[in-house]
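Structure, as structure tokens:
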Amino acid sequence: MFAITTPEEADAFIDSKPITAIFKAGTCHKTMQGWGNVEKMLRERPEIPVGIIKVVEHRPASNRVAERTGIVHHSPQIILFRNGQPLFELNNWEITLENLEALFQQHLPDVKVEPAQEGGRSNLEPYKRLLDAYLSGAISEQQFAWAYLNMFREDASLRSQEEFELLNSLFGNPDEHHIHPMTILQFEQANPQATPLFERAQHLRARLDTL
2 MFAITTPEEA
12 DAFIDSKPIT
22 AIFKAGTCHK
32 TMQGWGNVEK
42 MLRERPEIPV
52 GIIKVVEHRP
62 ASNRVAERTG
72 IVHHSPQIIL
82 FRNGQPLFEL
92 NNWEITLENL
102 EALFQQHLPD
112 VKVEPAQEGG
122 RSNLEPYKRL
132 LDAYLSGAIS
142 EQQFAWAYLN
152 MFREDASLRS
162 QEEFELLNSL
172 FGNPDEHHIH
182 PMTILQFEQA
192 NPQATPLFER
202 AQHLRARLDT
212 L
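Residue 2 is where the sequence shown starts when you use our numbering, and the numbers rise one by one after that.
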């Protein structure tokens, strides 16, 4: 995941590899839900890099993508590129898993899919990439928290006890054994921890490299 902050960075990123993705992130609930769906699809396709434009802070970069593609700006918005040309876009509440899966199958059937491993120690790379995106400033704290907890909810049952306890330690979870993202976020807001989330994420990122 890469933070895109200027028109020049947008051009360079789109042209950097044969297939790339641009995600325009706003600040509303639509962005959190859309990003969670996009992250899941790209998690299974690690060869596709995703550039994230935070449109409130970096609107010129977003405008450059609109100028280059002719695609009207929306937030949130996902655009997939092949050889610098847009393949498809989805906007706002259209960014669903069903729509993404259909478009990926239609336009990118040749891209290798790597589903989550079942049994034993499962892949921690998706968590590392998500933590890196947050720690680098590519996504906001709110977007990170929503994406992290939804990812953990999906695969918590596949984790070893060691992995589960470590991943579950990032947030205050009132239910030790079940992952309910909205409940956890509400609990976190009502019971703020002494250590800021950014510092906890830094510590977790370092710990994941030791497993």
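The beta carbon of each residue, even a glycine, is placed where N, CA and C say it ideally should be.
Asked	Found
Would you identify the three-state DSSP class for Gln-107, choosing helix, strand or coil?	helix
Do Phe-14 and Ile-20 have their CB atoms nearer than 7 Å?	no
Between the alpha carbons of Leu-136 and Phe-199, how many angstroms are there, rounded?	7 Å
Beta carbon of Asn-64, beta carbon of His-75: below 7 Å?	no
Let me know the secondary structure DSSP gives Ile-23 once reduced to three states.	strand
Pull up the DSSP beta-bridge partners for Leu-81, would you.	Ala-22, Phe-89
Quick one: any contact between the segment 162 to 181 and the segment 103 to 116, if contact means 3 or more CB pairs under 8 Å?	no
For the beta strand (DSSP E) that Gly-52 lies in, which residues bound it at each end?	51 to 55
Just verifying my parser: in three-state terms, what is the DSSP assignment at Gly-120?	With a pLDDT of 42 at Gly-120, under the threshold of 50, the modelled position of this residue cannot be trusted; read the value that follows with caution. Coil at Gly-120, not helix or strand.
Which residues does DSSP pair with Phe-14 in a beta bridge?	None, per the DSSP bridge assignment.
Enumerate, from N- to C-terminal direction, the unbroken alpha helix (DSSP H) stretches of 4 or more residues contained entirely within the segment 120 to 148.	126 to 136
Can you give me the start and stop residues for the alpha helix (DSSP H) that Ile-185 sits inside?	182 to 191
Mind checking which residues open and close the alpha helix (DSSP H) that includes Met-42?	30 to 44
Anyone know if the C-beta pair for Leu-125 and Tyr-149 falls short of 7 Å?	no
What are the partner residues of Thr-3, as DSSP defines its beta bridges?	The amino acid at residue 3 is misidentified as Thr; the sequence shows Phe. Answer is Gly-52.
Among His-204, Val-57, Ile-23, Leu-98, whose alpha-carbon lies nearest the alpha-carbon of Gly-85?	Ile-23
Is DSSP giving Arg-60 helix, strand or coil here?	helix
DSSP three-state call for Gln-214: helix, strand or coil?	With the chain covering only 2 through 212, there is no way to say anything about residue 214.
Assuming Val-56 contacts Ala-11 (C-beta within less than 8 Å), just tell me the rounded distance between them.	Not a contact, Cβ separation roughly 12 Å.
Take the Cβ of Asp-156 as the centre, count every other Cβ of all protein chains shown within 10 Å, and call the residue buried at 16 or more, exposed below.	buried
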